[in-house]
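>
Numbering (the working numbering), first residue to last: 3 to 1022.
1) Reducing DSSP to helix, strand and coil, say where residue 1023 ends up.
2) For the alpha helix (DSSP H) containing residue 570, name the first residue and the last one.
3) Tell me, which residues are paired with residue 866 by DSSP?
4) For residue 535, does the count of other Cβ atoms within 10 angstroms reach 16, so buried, or fall short, so exposed?
5) Distance, Cα to Cα, residue 74 vs residue 129?
6) Using a threshold of 8 Å, state whether the C-beta atoms of residue 825 and residue 910 are closer than that.
7) Could you give the uninterrupted runs of the alpha helix (DSSP H) lying entirely in the region 454-495, keeping only those of 4 residues or more?
8) What is the rounded straight-line gap between the Cα of residue 940 and the Cα of residue 796?
9) Which residue wins for smallest C-alpha separation from residue 892, given the options 900, 870, 920, 974?
10) Does the beta-carbon distance from residue 303 to residue 250 come in below 8 Å?
11) Counting pairs of Cβ atoms below 8 Å between the region 940-951 and the region 899-908, do you hit three or more?
12) Using the C-alpha atoms, what's the distance from residue 856 back to residue 744?
13) I believe residue 239 touches residue 191 by the beta-carbon criterion, under 8 Å. Please report the beta-carbon distance rounded to the nearest angstrom.
14) Judging by CA-CA distance, which residue of 53, 609, 729, 605 is the nearest neighbour of residue 678?
15) In terms of residue numbering, what span does the alpha helix (DSSP H) encompassing residue 615 cover?
16) If we call anything under 8 Å between Cβ atoms a contact, is residue 533 one with residue 525?
17) Can you give me the C-alpha to C-alpha distance between residue 872 and residue 890, rounded to a whole angstrom?
18) Among residues of its own chain, excluding the 5 on either side of residue 308, which ones have a beta-carbon nearer than 8 Å to its beta-carbon?
19) Using only alpha-carbon positions, find the residue among 673, 610, 317 that is nearest to residue 443.
20) Return the CA-CA distance between residue 216 and residue 306, expressed in angstroms with no decimal places.
21) Distance check for residue 100 and residue 88, CA to CA, integer angstroms please.
22) Reducing DSSP to helix, strand and coil, say where residue 526 ends up.
23) Hey, residue 232 and residue 221: beta-carbon distance below 8 Å or not?
24) Using three-state DSSP, classify residue 16 as helix, strand or coil.
25) Who are residue 715's beta bridge partners in DSSP?
26) Since residue 557 is in the beta strand (DSSP E), which residue starts that stretch and which ends it?
27) Looking at C-alpha atoms only, which residue of 652, 790, 288 is the closest neighbour of residue 769?
28) Among 936, 813, 579, 561, which has the Cα closest to the Cα of residue 587?
29) In the DSSP assignment, find the unbroken alpha helix (DSSP H) run with residue 666 in it and report its ends.
30) Look up residue 270 in the DSSP assignment and say whether it is helix, strand or coil.
31) Which same chain residues end up closer than 6 Å to residue 10 when comparing Cβ atoms and leaving out the 5 residues on each side of it in sequence?
32) Taking its Cβ as the centre, do 16 or more other Cβ atoms sit within 10 Å of residue 426, making it buried, or is it exposed?
33) Among residues of its own chain, excluding the 5 on either side of residue 879, which ones have a beta-carbon nearer than 6 Å to its beta-carbon?
34) With DSSP run on the structure shown, which of helix, strand or coil describes residue 1032?
35) Near residue 624, which residues of its chain fall below 6 Å by C-beta distance, leaving aside the five closest residues on each side in sequence?
36) If you reduce the DSSP assignment to three classes, tell me which class residue 429 lands in.
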């Protein structure tokens, strides 16, 4: 038969799958199939993707779904990723994909490039995320390949074009759109720098992005907005400066101290720099002293005569006393004169009788109150007589806070002189024993010719917290009352004069339940701007003051609602901003400064924290009386007010007078400063406050301040003088630091040293911490560790200073870490320390390795090398308690300010939830320096100003060897200046290279199964 046919007559055509090649007798395919895979039957079609003879060929890769005609191989369903159907041999052009290349690559594909078959972006995304689909536009603030780049910080709303990164909405804080790389020039801010900084900004400088006055205000308050002009009498940075008293009405220009209304006691307005010459006083020295003044001279401010001519008296010698003039001729007395004299004697006799009766009445009242002679009757008898008007549940005690020392003088003998020059105060205080101040305290006179009838009245006695503390009638605060409702106008609060004889303060008792509404009413009526609270609500289990602000929400006192707007908590005090509202009247806002670390019936351990508190109060200006209260409103209150007046006196005269300052306070309120201890503490308080006066540094004055400190006075620079005074104060023994009244500081220190030495737990026994500062471990019989608490900016015990572990204190070291919840350990180890056998091994080396010192197990979870040293993440196990802590070890060899700043910024970069422990060989020098620098920079960042001697002194008072030489003290200023200079551009805490930590001996790592015989102290 011819090819392609079969059968007897050769008329049957071969099956198509045989491709014309079949058996001539039966028609079966001889050797091959075409489009089929089972010769010779050829009944099984080619699988998808195959075609041709015996299905031996694969469809073109360009065929859609890899499917083609099984006999011809053409892509009968079209192409995928190819553009020439049915052959599908030409790949899609760039930017195209899909069936017959009919689709365009996603606009999110980088270079518009995608895989021709899937459409996936093979080079990544541009302006889009979610590769390879690239179907999600970059979120606001991101752009570029796979949205991996961040828009320029200068872009408005941090938004930019998501493909090219240009700031298409304009710049914020930058002035060159669309790149936005040039910062606004000084004095400009906002969108493309089109807005001028607020006129109240210091140096017309503000944040280029927010417009906030970050450096503070000049002539305005309410930083950083600086939208409130200074109140009368204040000027300068944040209105923190008081106009000179030489200005008339204490009024000056808000941006300078120039007197805008003229001078008082000075000429040459508006500078007012020349004191009035003798014989004139007052406004611009235009008023003449009284002709009755001795020598025609008077006080250049008030016009008060320094002395009067004979027979004249009064402040201005304006009163004439004819009875003082004696006749030179006694024989010329007439009978009428004799009669007049007899009449006068009769009148005097009558007045004497009346006066005697009146004095008896007054003495009875005085004795009833136990003011002149405390407790002449038995206390039980007094309690009985007071039960009619004293609510025992409401008051802490029937006597005032401190009864061990009488606050009432038994002698009005004047002292010859009590004025002390400021420059001599340090030597004076150190040279005088407590007995000297006790004798002087007893000589302080009480007010004469005063009455207290209103406070003693039956209806008002329940408003007095303590029966022996009431107000004088002449100085009491009088409330506004509705006579028709028979309301009483009494509150146990007194106006107190400042140094300049104005009513600068209101001294009040802490409100009790009876008068708490009156207290809030007084704050409203006085439009009080500042309240200074010096007591806690409860002390020694007794209520000392009722809460007059809500814990949350609002509280209502009478007709006034009180709410707390904000609360700032610091180490030793809290500042609350409160709002008072009454009906439809305009709301009133005040600031409460609450000192929380003044112990009951005692004084603070050191004055440093109270001085910081004083400066916080002082920086907030007020043109109305500041309300100051503790519990009774006399002891702690009197101490604080006395300090304020003494500071004003020092600024005005360069001298201080504690005796007369307190004498004047007692003319306005009974028992101001109750105890000798408070009087002694006032001297120390003032000494520290005067040292810190004028030492505050801001970003804008750091250079000027350092230059001034480097100026030399005779043989010493001002910085050296400052440091010398600081050391004298911190090394001076302080009896109040003893926690045991019957044990002197020396005895207590000896006991600590003795205890520690017996157990060999101090590397340097002479540095043993005082008991009132040291860290106590939980074991009562073994609670000693060479460690002290150091306050941070916001917490009294946030930091711990300690020594590198001794072989017998390794367990104590880790026990302290766990018990005190240490989050960050910063250790300073010199290479030479590894040759010191007193420095024990206490760390594991490698990751997942252990250091064991039974019962402590320390595991290293991670390790990395920093430019400042090494960082380990540790897991400490102590009696089944697991505690995680970060450990930084730095090999610190020098005191280069730049390297120190790098280290300090690294420490501050950690988000510390617990305490921070600073460790060095003696637990004082380099660890104390680092701890102090951290606190200084934290305060500068938060307050925008900081006093170096105030921070350093507060640390040295606890740890005297911290910053113990002039080199280290100078470095503090250098680091501070370097920080301010670089703060605007400081981005990476590891910009400088510190010497890396190097090991000079191996640190063996134990497994849990190995014994630890190297340290015999590990198993106790």
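Ideal placement from N, C-alpha and C gives every residue a C-beta, glycine not left out.
On a predicted model such as this, the values are computed, not experimentally measured, just so you know.
In short:
1) The question about residue 1023 has no answer here: the residues shown for the chain are numbered 3 through 1022.
2) DSSP places residue 570 outside any alpha helix (DSSP H); the residue lies instead in the beta strand (DSSP E), whose first and last residues are 562-571.
3) As DSSP reads the structure, residue 866 sits in a beta bridge with 873.
4) So residue 535 ends up on the buried side.
5) The alpha-carbon atoms of residue 74 and residue 129 are separated by roughly 46 Å.
6) No.
7) The qualifying runs are 455-458.
8) So the two alpha carbons sit approximately 10 Å from each other.
9) Residue 870 is the option with its Cα nearest to residue 892.
10) No. Outside cutoff.
11) The answer is no - the region 899-908 does not touch the region 940-951, with fewer than three Cβ pairs under 8 Å.
12) Any reading at residue 744 is ruled out, since the residue's pLDDT is 44, under 50, leaving its predicted position unreliable.
13) With 8 Å as the limit, residue 239 and residue 191 do not qualify as a contact, their Cβ atoms being about 20 Å apart.
14) Ranking the options by Cα distance to residue 678, first place goes to 605.
15) That run of the alpha helix (DSSP H) goes 610-620.
16) Their beta carbons are under 8 Å apart, which means residue 533 touches residue 525 by this criterion.
17) Taking the straight line joining both Cα atoms gives about 6 Å.
18) Answer for residue 308: 295, 296, 297, 299, 300, 301, listed in chain order.
19) Considering only alpha carbons, the answer is 673.
20) Cα to Cα, the separation comes out at about 46 Å.
21) Rounded to the nearest angstrom, the two C-alpha atoms are 15 Å apart.
22) The answer is helix: DSSP assigns residue 526 an H, G or I state.
23) Less than 8 Å divides the Cβ of residue 232 from the Cβ of residue 221.
24) In this structure, residue 16 counts as coil in the three-state DSSP scheme.
25) DSSP output for residue 715 lists 718 as bridge partner(s).
26) Its beta strand (DSSP E) spans residues 556-559.
27) Minimum Cα distance to residue 769 is reached at 790.
28) The shortest C-alpha to C-alpha distance from residue 587 to any of 936, 813, 579, 561 is the one to 561.
29) 660-670 is the extent of the alpha helix (DSSP H) around residue 666.
30) Here residue 270 sits in coil by DSSP.
31) Sequence-distant partners of residue 10 (beyond 5 residues in either direction) whose C-beta falls short of 6 Å from its own C-beta are missing from its chain.
32) Exposed is the label assigned to residue 426, since fewer than 16 other Cβ atoms lie within 10 Å of its Cβ.
33) Residues 859 of the same chain have their beta carbon placed closer than 6 Å to that of residue 879, with the five preceding and five following residues left out of the count.
34) Missing from the structure shown is residue 1032; the chain here goes from 3 to 1022 and no further.
35) Once the five neighbours on either side are set aside, the close Cβ partners of residue 624 are 531, 532.
36) In the structure shown, residue 429 adopts helical secondary structure according to DSSP, grouped into three states.
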